[in-house]
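According to the numbering used here, the sequence shown is numbered sequentially starting from 22. Glycine included, C-beta positions come from ideal geometry on N, C-alpha and C.
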Amino acid sequence: MTRAALFDVDGTLVDTNYLHVASWWEAFRQAGHTVPTTAVHQAIGLGSGDLVEHLLGPDRDREQDARISAAHSALYATYFERLAPLEGAADLLRTLSARGWTVVLATSATGFELTSLRAALGADEAIADTASADDVDEGKPAPEPIRHAMELAGASSGETVYVGDSVWDMKAATSASVAAVGLLSGGIPRADLERAGAVEVYSGPADLLSRLDTGVIARIGAAA
């Protein structure tokens with residue numbers, strides 16, 4: 022039996038969500054849009070195109086989309102060398118890998134952004150594979166990213182757990198019939214994660230690491 026532990030990265034393993042919020046807010050401002058930071062924060066976890074659609078709506082000037090996304094990427098890139106992992110994140114991945122879990126990252130990040138996130142995390146030896154936004158036609162909350170990550174791991178939905186910090190993560194995992202574990206490290210309230218499908222919620226990677234012998238991860242592991 023294969024046991025797959027799939028992870029979002031931004032806000033789940035690396036402390037980046039508020040950097041994204043600031044970068045998106047400024048990118049929208051440069052394009053002439055005033056978007057509240059609270060709204061931007063709640064949209065973090067969506068791919069760039071979906072995030073712009075979600076915040077500006079279907080009647081927006083779509084010719085601005087690429088420029089807004091490019092501005093966000095340029096602004097966020099200024100933080101790459103300063104990205105920091107969340108407490109316990111690397112040890113969590115290493116511990117799961119040592120216990121026989123196949124660890125796969127399922128993230129909207131691509132290219133040098135993903136490279137920078139992995140460098141900040143510093144746990145490449147524990148990561149079996151990565152499913153990025155470039156690998157699927159639809160991003161979260163669609164189930165495709167989770168299903169693709171499961172395929173990479175060679176696991177069924179009953180053998181898989183997905184750990185994320187956003188409502189989009191929880192909805193994607195639930196749509197893929199995968200147990201969704203929420204972390205509060207991305208700043209989204211517990212109640213929102215639970216309404217979106219989280220079966221368990223922890224304060225962050227270190228909290229989850231300290232309780233690996235209880236909950237859904239322990240149950241899936243015991244079934245192996």
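On the premise that residue j lies in contact with residue i, defined as a C-beta separation below 8 Å, what is that separation, rounded to the nearest angstrom?
| i | j | result |
| --- | --- | --- |
| V124 | A147 | 5 Å |
| D86 | V73 | 5 Å |
| D186 | G203 | 7 Å |
| T23 | G207 | Not a contact, Cβ separation roughly 28 Å. |
| T59 | W46 | In fact, because the Cβ distance is near 10 Å, the residues do not count as touching under 8 Å. |
| S153 | T131 | 5 Å |
| M171 | T181 | 5 Å |
| E21 | G242 | Outside the displayed range of the chain (22 to 245) lies residue 21, so it cannot be described from this structure. |
| S224 | L205 | 5 Å |
| V30 | V42 | Their Cβ separation, rounded to whole angstroms, is 16 Å, which puts V30 and V42 out of contact at 8 Å. |
Let's see if you can read the secondary structure: which residues bound the alpha helix (DSSP H) around residue i?
| i | result |
| --- | --- |
| A150 | The sequence given here has Asp at residue 150, not Ala. Run containing D150: none in the alpha helix (DSSP H); it sits in the beta strand (DSSP E), D150 to A152. |
| L40 | N38 to Q51 |
| A141 | G132 to L142 |
| S171 | Here the sequence assigns Met to residue 171, which means Ser is not the residue at that position. Counting along the chain, the alpha helix (DSSP H) containing M171 begins and ends at E165 to A174. |
With DSSP as the reference, identify every bridge partner of residue i, one or two as the case may be.
| i | result |
| --- | --- |
| L27 | V125 and Y183 |
| V247 | This structure cannot speak to residue 247, because the chain is shown only from 22 to 245. |
Contiguous alpha helix (DSSP H) assignments of at least 4 residues, all confined to the region 85-124 = Within the region 85-124, the complete alpha helix (DSSP H) runs of at least 4 residues are 86-98 and 110-119.
task = Note down, one range per segment and in chain order, each alpha helix (DSSP H) of at least 4 residues found wholly within the region 178-245.
result = As summarised for the region 178-245, the continuous alpha helix (DSSP H) elements at least 4 residues long and confined to that stretch are 188-196, 211-216, 226-231 and 236-244, given in chain order.
ask   = Taking only runs of the alpha helix (DSSP H) that begin and end inside the region 55-81, which ones reach a length of at least 4 residues, in chain order?
value = Runs of the alpha helix (DSSP H) inside the region 55-81: 58-64 and 69-77.
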